[in-house]
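Chains as they are written, first to last, in the numbering used here: chain S, 131 to 739; chain R, 131 to 739; chain C, 54 to 397; chain W, 54 to 397. Cβ coordinates follow ideal geometry from the N, Cα and C atoms, glycine included. For clarity, every value in this text was computed on a predicted model and none was experimentally measured.
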Amino acid sequence: MQKVVETVSTVAIRFAGDSGDGMQVTGSQFTDTTALAGNDLATFPDFPAEIRAPAGSLAGVSGFQIKFSSEAVFTPGDAPDVLVAMNPAALKVNLKDLKPGGMLIANSEAFTKKNIDYAGYATNPLEDGSLTGFKVFKADITGMTLKAVEELKLNNRHAVRCKNFFALGIVYWLYGREASHTVEWIKSKFKDPQLCEANLRALKAGYHFGETAELFDRSYEVKQAKIAPGRYRNISGNEALSLGFLAAAELSGLELFLGSYPITPASDILHELASHKQLGVRTFQAEDEIAAVCSAIGAAYSGALALTTTSGPGLALKSEGIGLALMLELPLVIVDVQRAGPSTGMPTKTEQADLLQAMYGRNGEAPVAVIAAKSPGDCFYTAIEACRIAVTHMMPVILLSDGFIANSAEPWRIPEMASLPKIPVKFWTEKEGFQPYARDENLARPWALPGSPGLEHRIGGIEKEHLTGNISYDAANHELMSKLRYERLQKIADALPPTEIEGDQAGDLLVIGWGDTYGPIQAGVEAVRKSGSKIGHVQLRWLNPFPNDLEAIMKRYKRVLVPEINLGQLVKLLRAKYLVDAKSFPKIQGQPFKESEIVFAIKQILEAN
Amino acid sequence: MQKVVETVSTVAIRFAGDSGDGMQVTGSQFTDTTALAGNDLATFPDFPAEIRAPAGSLAGVSGFQIKFSSEAVFTPGDAPDVLVAMNPAALKVNLKDLKPGGMLIANSEAFTKKNIDYAGYATNPLEDGSLTGFKVFKADITGMTLKAVEELKLNNRHAVRCKNFFALGIVYWLYGREASHTVEWIKSKFKDPQLCEANLRALKAGYHFGETAELFDRSYEVKQAKIAPGRYRNISGNEALSLGFLAAAELSGLELFLGSYPITPASDILHELASHKQLGVRTFQAEDEIAAVCSAIGAAYSGALALTTTSGPGLALKSEGIGLALMLELPLVIVDVQRAGPSTGMPTKTEQADLLQAMYGRNGEAPVAVIAAKSPGDCFYTAIEACRIAVTHMMPVILLSDGFIANSAEPWRIPEMASLPKIPVKFWTEKEGFQPYARDENLARPWALPGSPGLEHRIGGIEKEHLTGNISYDAANHELMSKLRYERLQKIADALPPTEIEGDQAGDLLVIGWGDTYGPIQAGVEAVRKSGSKIGHVQLRWLNPFPNDLEAIMKRYKRVLVPEINLGQLVKLLRAKYLVDAKSFPKIQGQPFKESEIVFAIKQILEAN
Amino acid sequence: MRALNIYPQFQHTDPSTQTRKDFVTDQDVRWCPGCGDYSILAQVQRVMPTLGIPRENYVFVSGIGCSSRFPYYMETFGIHSIHGRAPAVATGVKAMRPDLSVWVVTGDGDALSIGGNHFMHVLRRNVDLKLLMFNNQIYGLTKGQYSPTSPVGKKAKSTPMGSIDYPIDPISVALGANGTFIARSFDVHASHLQNILKRAAEHKGTAFVEIYQNCNIFNDGAFSLLTEKETKSDHVIEIEHGKPLRFGKNLEKGIALDASLTPKVVDVASYGEDKLFVYDETSEIAALIVSRLHAPEFPVPIGVFRAVSRPSYDALLVDQIDRAKKGKRETVQELLDDGQWTVK
Amino acid sequence: MRALNIYPQFQHTDPSTQTRKDFVTDQDVRWCPGCGDYSILAQVQRVMPTLGIPRENYVFVSGIGCSSRFPYYMETFGIHSIHGRAPAVATGVKAMRPDLSVWVVTGDGDALSIGGNHFMHVLRRNVDLKLLMFNNQIYGLTKGQYSPTSPVGKKAKSTPMGSIDYPIDPISVALGANGTFIARSFDVHASHLQNILKRAAEHKGTAFVEIYQNCNIFNDGAFSLLTEKETKSDHVIEIEHGKPLRFGKNLEKGIALDASLTPKVVDVASYGEDKLFVYDETSEIAALIVSRLHAPEFPVPIGVFRAVSRPSYDALLVDQIDRAKKGKRETVQELLDDGQWTVK
Ligand SMILES: Cc1ncc(C[n+]2csc(CCOP(=O)(O)OP(=O)(O)O)c2C)c(N)n1
Ligand SMILES: Cc1ncc(C[n+]2csc(CCOP(=O)(O)OP(=O)(O)O)c2C)c(N)n1
Ligand code: SF4
Ligand code: SF4
Ligand SMILES: [Mg+2]
Ligand SMILES: [Mg+2]
């Protein structure tokens, strides 16, 4: 049978299975291959909370969604067009999201009585007619995988484990993808030649099955997107942060120090940086978050490009330490990869509800710089920017990322190190004129390293006298220093480039976002602009200080909308500072926004007179 | 010589000396006696940061100011009418505050070359004509004290130490005070009969000196104030908090538990409560603030009226624990006796800059109730209110006091325990219908104590399912629970009495304050109202939630002014929530407002356009 | 004085009617299949009904980690608190309610990394609670970083070149903090673990039990030398009060001290049983010496290292309150009235 | 690879020219008159110039407390950090800059109450820094609450009926954490303290020195038995490597172990000098035994309890970096390029 090839512009696929089923690998292999094929894309991995939940349980379902297109892609997609469900639990958890009429590829063998019960189905959904709204393709993926690797005489556990590549093979065929990247990957990944061969056979068998079986009458083609020429790679937010810090170290000439305590979803930055000791990176897995931030303070004092990485509960523990860093006026970057809170919350789910903690979570008037990354690739530049500000302004900078950005990957244009601006750092070396709390044009005090003869001095968390840094309880001095600590932030704002507005530069509505809402807002704004409304979109990188031009920009629009994955935090800051009637559009479900939600919110505010 | 007695309505006196000179005792004795004499009064003790700074140093100067009057007194006074300076350093530090033409009583013997140098004077200020603007009374207080106690043959150190009572004696005479209260106090305080006698003699000698020496040509009379009849006592903020918690325990029938770690200026609450084990109070000096709050959480779970007390840096450390308490929905009162920050800051100085930390210093959307005391005596009622809300709403409540309220004392009408409303507490006991996260009309969950058969259940910091409290990662449930945690606060607001407005009920200006700004704002508002402006004053007890009627109240005035001992925190909350152009009047000097500063701010805002 | 007594009184469950099943919750156990935590849970659920304590009087408090999910699986009262702080939470429970049987469940990271300070302080205060530390020498929940008990050289996610942190020995730390009951057992050694749990339960004061636990996902086989049939008898020694230290398949080997008090492994037959080191669980020195025996040079001791009696914190607290109540009898009103004067 | 070297190079001060005065700052010393801290400061300022280290290469890091004001009085680099965290700050300093001589100054509350965890971890990691703990058995700066080293029954501001917390013995805790250098001295015993400070300075790794210090305001006389002329020789014993344990005015008394390894005080003449316990600072068991000698039953040991060598954390860290640099030589650009494809 000669099958039809249909051309489509955009497809969203979700791979879903047991956490042991290798869905994350499947997803990222499909991502890499799709990127190589020249599509634009965005991804969303969704892990279970458990390390290994019981096989077949709802709690153990692991998902990976990718949207790819010949057009620009802003989000991983609201409702997937295709759902690959490796077992009943995966179907149960994910079916509600599948687009009406969408394609469901189900691993029929996994729909055993036991698994069906376990997933909470009364009857087999593949048989009971409940899936009539979808294009259902039942394939005995497990069985066919076992057959494909039969000759290799693997034990059953190992053989069954190859089934994700069988599924990937099917999807590769469906979308006309080249398998070669994955073939290379399998070869490099599986040291055991038997396992390697088995996975290769499963992949091939899956592809072949798609091609030959009567199940599918057509395959699809997604044409190359118009992508700026250059060198690309896939990058996740945590990778990009790690690389950004390595780059900042190189650009500044400083040695990198990371003091950290593991916590989901920030740990990967520690893992990544720990593996680059060849670049002189010193990573210190501290006994807790307090020691982590304090060790970084000690390192900063000693001349390091000092970092500490954590998530919300860890940021709470670092509060006192960050206050100290602020008083010591030392450069320090604190990364908070936010997760759903409060308290332990939902560690594997995303949220952006630590903004106010970052702003105010310290005793006293304790302003620090706050900056947020808006996408995985943007993490790289945000990391460099945070480091630049920290060392040129001698100040702690809190960098906010989140679980979604951290774990999802996007194709990213690789920058050339040689073309990135250097980060100028100058240590104070002169005995003459040295005062520990004298200030330069940025109101930054001198960075004078231990080991510098004649520059011996003491700093501490007690209020200090202007210029000398000696302990001072003087009333006027305290007011002066308190205000200086705010003015120091203003110096950052004064040096920022004009704020970038996407969409319309004036008009009906300005949508202001920060962090991971970038993609959905962009998509939503573009969608509604098509119907004629004049809408601008500002994704704020700087949250403290705000850019100087923000007030004027807001005034150019009739309304301001602030979608956030929290119950309204940035919106509070904007309203308080500018007395602008910015409206909050909150969502707090441990999930990023969908394009449709943003569209809804925009329409709602535009319609409300 | 028959001396004149002049009647005056209001006097402010500052006693200043070395920290070893006993100025705090002198001040509080004068306070007690003045209260007994029926004046209204307010006090301000100002300690040095050091435990024992070197004698004669500027850093070691300790001061105590009292304002007393036949009229209502709101503040300890801006510029004292009388300064008692026990040495040159005390003069140096305090002279700048003395009212022009004010009275200076200087212990002339202490003006030795050494002390004068040490205080940084080039020449003896008592001799060099630099004090011409003041009424200077030089008295050899030390010498006369030594003479008065000569017969007792004390060693010199002990003898010299009596000189504060000599000084007190002078001032007693000057203001026609009865010495009998102090006589009784000395008798009960000094167990050693020699020392007791010496201090009594010094007191008497000082009084006698005033009466007979030619130095003073007149004494003063301050008539009784119109004070509501009743039983009174002096009370400091920390005492009042301690007593308030004891009262709340009695009113609720709950056992009191305090988990705390010492920190200035909160430690006294721990000391006070530790000394009342006879009332069943359990105090636990924990290894750190984190253990302190966590032990209180454990105690709350077990049925205690649970407290934890600290100051700003400690509140920072408790951030994560408070987040847990919030998720567990357990009653817990967290007291923050604020001090000047950030970081270690100025531990002995006051500030109210932890409001935003109290509001937002936790990861995730983590709202807790926040309440503030406005005066020493008000601490008692605020403590009871905090406990009432904590147990009836099953929620952590942060109670804000500060160093000024904590340490200053005021005459306070003693309440009758029998007439205070009980705090109703009902533990859940029924197996039937028990669900750990079911909610009552306040949206409070049941308080089910360990030891209750059939009520076994588990709670934790992970997001929990509505009603059952089981772990849940469900998206809609997280949104529901996040919003419920906010609605729970609204329930508090719904039950609040109408907000009290002092001064005009509508008009030109509403001054909104919180915490220790109460007195100065009251004084300032009254002063300006006399000139005809219509000014209202609201001192907010509830900061989270705000009272429901606040918005309507603000609308009744043309302008809103918010004086705070910080760089503008409440003002941010008001502007963000109500979009009202409230103006901040910040002061951040480690000192409370002066009446004149408030007057200045009010006039400024009234005159602006 | 205190007018109200609002605390409910209950008719307690008859402990003798309780069975293992009464301690099982309806929640799915979410550990990885094969995790050592399952066996520990089973032993605890077996021992609890035998202790003569009504189910409702148990409180299980945990921190954060795989091990700290434990309370969800125990049909008792429970708090799953925050990382490292369970001892502090449990101290509050016990200080308020000495009538309860309070158990802390924690991991090597939870107890000794972030929670090390609370661990030390609860032991020195001797709060009457039972502290079970599941030591898998790894951070399980955060997916495999080395922990404070991981050996030097351990390659884990955060130590690709191997750990350079000298490990903490939990028993040594507990002895340094002057803990009154200190013991060690294994996840898979069911009967031994049950015995140790019973002894811990009987102890008045902080009972610390280190339980070696296999994390088959991130640190599989960390204790295989001690658990595998072929090797275990040569690498594990059961210490018992009043008995000489012997081990080996036929107890043919023993531990003796040389002149400089250094322990050495000896052949019992040739060395003489009477010259072996005889264990005394009330002797701090004995505990200190034995605590320093580490594999592979020495067999790893399991059993009760130390059991001595010292008043517990909660008992002393109650005692102070009782004494205070007998002493001065001020009411809140009297305290309020202190220093009063009357304005008419 | 790394193109820039922006770190300044200096001509260092010749250490042989340094005197005590070079280590004195212009700040007024703000301890109470009579405080034991003065003597400690004086000894430190005497020892520093003798160590062959240029002044600018010293960093003093402290927490919060009276003791923690120390750095302000040392004309070296210094950080007065936050309560309890000095070891963590100092670890960061040393990890970055192994060339510096890093000293931590802390109090009994700072190090063992809020900071107990960092204390334990810095010792077990053996970071090369010197940790001086001024133990006055009280919270000085916060005006007199009992501390973790205060004895049971101590009446202080927060314990009007006496403390019920069994105290922590810092030396025992340090041994439990496997510290490599552990010693004790006194504020007023100038020559002894100087010697101990020198030994600490020479040690590679964490050198912990407990210094008994009199707080004459809130805990006056806590150590008077050990410092008063009449009593000290009967209540203090100086331990020295290789020497038998002897004390008393004429060294007439000694310490020996009985059969159960329990130490006892003996009369040297009648018992026999050769049967005394001979101290070995490299023996963990010896340190453990001697660390448990407490007054008044036993004389209180001062001197070096333990001095053994183990690679320091910072040395191991540098070693890993050096090895990594010799191994794979990726640049940042190469890392960025990983997995690249080209769009034309
Ligand atoms: C404040 C805070 N920091 C970090 C974490 C992340 N975290 C959770 S469990 C854990 C360590 C778990 O190790 P362990 O205590 O040994 O327990 P196991 O999972 O091995 O049983 C960490 C670092 C957290 N939840 N909270
Ligand atoms: C986070 C925090 N908690 C509490 C305090 C208050 N505090 C300052 S020093 C101190 C204890 C001091 O005792 P110690 O360490 O023994 O030092 P000493 O003053 O006796 O030398 C305390 C509780 C603080 N500064 N910071
Ligand atoms: S990760 Fe390890 S410790 Fe955690 S549940 Fe799985 S096997 Fe057990
Ligand atoms: S309070 Fe005690 S420790 Fe602190 S300076 Fe005074 S005497 Fe020294
Ligand atoms: Mg573990
Ligand atoms: Mg101390």
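Opening and closing residue of the beta strand (DSSP E) in which glutamine 268/R lies: At residue 268/R the sequence reads lysine, which differs from the glutamine that was named. Judged by DSSP secondary structure, lysine 268/R falls within the beta strand (DSSP E) whose first and last residues are 265-269.
Rounded to whole angstroms, what is the Cα-Cα separation between serine 192/R and tyrosine 302/R? Between serine 192/R and tyrosine 302/R, the alpha-carbon positions lie close to 20 Å from each other.
Reduced DSSP secondary structure (H/G/I, E/B, other) of glutamine 198/W: Shown here, glutamine 198/W sits in a strand according to DSSP, grouped into three states.
Closer than 8 Å between beta carbons: that is the criterion. Which residues of the segment 397-414 of chain R meet it against chain W? Only Ser397, Leu400, His401, Ala404, Ser405, Lys407 and Thr413 from the segment 397-414 of chain R bring a Cβ to less than 8 Å from some Cβ of chain W.
Per-residue contacts from serine 473/R into chain W (C-beta, under 8 Å): Identification of chain W residues near serine 473/R by a Cβ-Cβ cut-off of 8 Å yields Ile135, ordered along the chain.
In the DSSP assignment, the beta strand (DSSP E) including aspartate 287/C goes from what residue to what residue? Looking at the DSSP string, aspartate 287/C is not in any beta strand (DSSP E); the run it does join, the alpha helix (DSSP H), is 282-288.
Where glutamate 337/C meets chain W, residues with beta-carbon distance less than 7 Å: Per Cβ cutoff of 7 Å: Arg345.
Short of 8 Å in beta carbon distance, which residues of its chain neighbour valine 701/S, apart from the five on each side in sequence? Order them along the chain. Around valine 701/S: Val692, Glu694, Ala712, Lys713 and Ser714.
Based on the DSSP output, what are the partners of isoleucine 224/C in its beta bridges? Bridge partners of isoleucine 224/C: none, in fact.
Reference alanine 520/R; option with closest CA among Gly563/R, Ile452/R and Leu585/R: The shortest C-alpha separation from alanine 520/R is found at Ile452/R.
4 or more residues per run - each alpha helix (DSSP H) lying fully within the segment 479-531 of chain R: Entirely contained in the segment 479-531 of chain R, the alpha helix (DSSP H) runs reaching 4 residues are, in chain order, 485-490 and 508-523.
For aspartate 227/S and leucine 333/S, what's the separation of their Cα atoms in angstroms? Our two residues, aspartate 227/S and leucine 333/S, have alpha carbons roughly 27 Å apart in a direct line.
Can you give me the Cβ contacts of arginine 99/C inside the same chain, cut-off strictly under 7 Å, excluding the 5 residues immediately before and after it? Excluding its 5 nearest sequence neighbours in each direction, arginine 99/C has C-beta neighbours in its own chain below 7 Å: Arg73 and Gln247, listed in chain order.
Can you give me, in chain order, the residues of the segment 579-604 of chain S that have a beta carbon less than 9 Å from any beta carbon in chain W? Per Cβ criterion, the list reads Leu579, Pro580, Gly581, Ser582, Pro583, Gly584, Leu585, Glu586, His587, Arg588, Ile589, Gly590, Gly591, Ile592, Asn600 and Ile601.
Three-pair Cβ contact test at 8 Å for the segment 174-185 of chain W versus the segment 132-145 of chain W: The segment 174-185 of chain W makes contact with the segment 132-145 of chain W: 3 or more CB pairs, one atom from each, lie closer than 8 Å.
Ligand 3 and cysteine 119/C: does any heavy atom of the ligand fall closer than 6 Å to the residue's C-beta? Taking the Cβ of cysteine 119/C as the reference point, at least one heavy atom of ligand 3 falls within a distance shorter than 6 Å.
Chain W contact residues for serine 425/S, given Cβ-Cβ distances below 8 Å: Per Cβ cutoff of 8 Å: Ala141, Val142, Thr144, Gly145 and Ala148.
Would you identify the three-state DSSP class for lysine 197/S, choosing helix, strand or coil? Residue state, collapsed to three classes: strand.
Determine, for aspartate 418/S, whether the minimum Cβ-Cβ distance to residues of chain C falls below 7 Å. Chain C, which has a Cβ nearer than 7 Å to the Cβ of aspartate 418/S, makes this yes.
How far does the beta strand (DSSP E) with tryptophan 558/S in it extend, from its first residue to its last? Membership of tryptophan 558/S in any beta strand (DSSP E) is not indicated, and neither H nor E is assigned to it by DSSP.
Taking the Cβ atom as the reference point for each residue, do leucine 529/R and glutamine 699/R lie within a distance shorter than 7 Å? Contact flag unset, no.
Tell me the rounded alpha-carbon separation between histidine 523/R and alanine 368/C. Within the model, the alpha-carbon separation for histidine 523/R versus alanine 368/C is close to 32 Å.
Take every Cβ of the segment 551-567 of chain R, pair it with every Cβ of the segment 584-595 of chain R, and state whether three or more of those distances are shorter than 8 Å. Result yes; three or more Cβ-Cβ pairs closer than 8 Å.
For proline 175/S and histidine 136/W, what's the separation of their Cα atoms in angstroms? One C-alpha to the other measures close to 41 Å.
Looking at lysine 407/R: is its Cβ nearer than 7 Å to the Cβ of isoleucine 249/C? Against a cut-off of 7 Å, the Cβ pair of isoleucine 249/C and lysine 407/R comes out as no contact.
Using 8 Å for Cβ pairs, my map puts serine 441/R next to proline 472/R. What's the rounded Cβ distance? Incorrect: roughly 12 Å between the Cβ atoms, too far for contact.
Once the 5 residues before and after glutamate 737/R are set aside, which same chain residues still bring their CB inside 6 Å of it? Same-chain partners within the cutoff: there are none.
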